[in-house]
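In what follows, a single structure is set out as structure tokens and then discussed.
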Amino acid sequence: MISLFCFDFILILILIYPERKILIDIASIQKLLRKALLYRLMTNVEKIVSNAGLSHQEVSSRTGRKGNWFNDAYNNNEDIHISSLAKVLSVINAHTEIKQYQLSDLFDKKVLRISSVMSSLADENFATINNFITSEIDLFMDLIGDWGSLDSKKKLSNDERSYFKELQKLIKHLADKGDKSNA
Numbered sequence: 001m002i003s004l005f006c007f008d009f010i011l012i013l014i015l016i017y018p019e020r021k022i023l024i025d026i027a028s029i030q031k032l033l034r035k036a037l038l039y040r041l042m043t044n045v046e047k048i049v050s051n052a053g054l055s056h057q058e059v060s061s062r063t064g065r066k067g068n069w070f071n072d073a074y075n076n077n078e079d080i081h082i083s084s085l086a087k088v089l090s091v092i093n094a095h096t097e098i099k100q101y102q103l104s105d106l107f108d109k110k111v112l113r114i115s116s117v118m119s120s121l122a123d124e125n126f127a128t129i130n131n132f133i134t135s136e137i138d139l140f141m142d143l144i145g146d147w148g149s150l151d152s153k154k155k156l157s158n159d160e161r162s163y164f165k166e167l168q169k170l171i172k173h174l175a176d177k178g179d180k181s182n183a
């Protein structure tokens, strides 16, 4: 059974399975995907900083930022500006030439896949969301770990945490359903 509710122009879909109710909200999936994207990107930036032998504090001060800006941006999963990223890369380049790195060191396959899924998700609706998640089940299963890590670091709001738990149930349900149909 499918129920559809609309509150303040936000589409909320409730899929009712015999064993549970699972709330699906495409906007909330987008928010969680964005958090995972930033988590992956900042982790990739941090790897390059670490490989250059630089501390977060050195990067902060050499980019003209006070305190421990880079550490805060990394730990808080911040969406830094492109100009800030360019400054970080210039600091790395002053210490170790960045020509040894490729764009794919920052924007790896996982980052690009998350971005692609975020773009495609905008075309989905209540009738297609299950099939969409099922078609990307490997990615969503992998992202459960990222979201779990963000949750354990208290980087998800209460609403995001609740939604993560609901989405986790749906992903596991769809994965189990897929496993049974493949058996």
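Its first residue numbered 1, the sequence shown is counted upward by one per residue in the working numbering. Where is the CB? At the ideal position from N, CA and C, for every residue including glycine.
Please return the same chain residues whose Cβ sits closer than 6 angstroms to the Cβ of residue i, not counting the five positions on each side in sequence.
i	result
Lys87	Thr63
Asp79	Leu38
Thr128	none
Asp159	none
In chain order, what residues of the same chain have a beta carbon less than 7 angstroms from the beta carbon of residue i, not counting five sequence neighbours either side?
i	result
Ala175	Ile137, Met141
Ile144	Gln168, Ile171
Leu150	Lys35, Tyr39, Asn77, Leu156
Asn68	His56, Gln57, Ser60
Glu197	In the structure as shown, the chain begins at 1 and stops at 183. Residue 197 is therefore absent and cannot be evaluated.
Asp108	Asn44
Take residue i as the anchor and find which of the options has the nearest alpha-carbon.
i	options	result
Ser135	Arg65, Arg113, Leu150, Asp105	Arg113
Ala48	Lys109, Ser104, Ala127, Leu121	In the sequence as presented, Ala is not what sits at residue 48; that position holds Ile. Ile48 has its Cα closest to that of Ser104, out of Lys109, Ser104, Ala127, Leu121.
Ser115	Arg34, Ile29, Ala27, Ser28	Arg34
Lys177	Ala94, Ile133, Glu160	Ile133
Leu170	Asp151, Leu150, Glu160, Asn130	Asn130
Ile29	Asn71, Ser119, Lys153	Ser119
Gln100	Asn51, Phe70, Tyr74	Asn51
Asn75	Asn158, Arg161, Thr43	Thr43
With 16 other CB atoms within 10 Å as the buried threshold, where does residue i fall?
i	result
Ala94	exposed
Asp72	exposed
Asp26	The residue you asked about is not Asp; residue 26 is Ile in the sequence shown. Ile26 is buried by the Cβ-count criterion.
Arg20	Only weak support exists for where Arg20 lies, its pLDDT of 49 falling under 50; the value from the coordinates is given anyway. That one is exposed.
Ile92	buried
Tyr163	buried
Asp146	buried
Would you say residue i and residue j are within 8 angstroms of each other, going by their C-beta atoms?
i	j	result
Val59	Leu106	no
Val111	Leu32	no
Leu89	Ile98	yes
Leu139	Val117	yes
Enumerate in chain order the residues of its own chain whose CB-to-CB distance from residue i is below 8 angstroms, with the five nearest sequence positions on each side excluded.
i	result
Lys66	Ser60
Ile10	Below a pLDDT of 50, predicted positions are generally treated as unreliable, and Ile10, at 46, falls in that range; the measurement from the model is reported next regardless. For Ile10, where only same-chain residues beyond five positions count, the Cβ hits under 8 angstroms are Asp25, Ala27.
Examine the ligand FAD and report whether any of its heavy atoms sits within less than 7 angstroms of the Cβ of residue i.
i	result
Val111	As for the ligand FAD, it is missing from this structure, which has no ligand bound.
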